[in-house]
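Residue numbers (full-length UniProt numbering): 1 to 45. The C-beta atom is built at its ideal place from N, Cα and C for all residues, glycine as well. Just so it is clear, the structure is predicted and the values come from calculations on it, not from any experiment.
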């Protein structure tokens with residue numbers, strides 16, 4: 001488990017679960033450094 005605590009914002013984030021939003025630019029590291037724009041977000045439960 002990898003958690004990040006933001007003391008000034010009083011929040012914690014679990015880095016094992018990555019979240020994105022629509023129109024966010026995502027840059028992948030270690031895979032030819034391409035960037036992508038998120039078109040649609042769906043949740044699988």
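From the options, residue whose alpha carbon lies closest to that of residue i
{"i": "residue 11", "options": "3, 18, 17", "result": "3"}
C-alpha distance - residue i paired with residue j, whole-angstrom precision
{"i": "residue 35", "j": "residue 7", "result": "30 Å"}
{"i": "residue 20", "j": "residue 38", "result": "8 Å"}
{"i": "residue 13", "j": "residue 40", "result": "22 Å"}
{"i": "residue 18", "j": "residue 9", "result": "19 Å"}
{"i": "residue 22", "j": "residue 16", "result": "20 Å"}
{"i": "residue 26", "j": "residue 42", "result": "16 Å"}
{"i": "residue 5", "j": "residue 24", "result": "23 Å"}
Element boundaries [beta strand (DSSP E), containing residue i]
{"i": "residue 6", "result": "3 to 6"}
{"i": "residue 13", "result": "11 to 14"}
{"i": "residue 35", "result": "35 to 37"}
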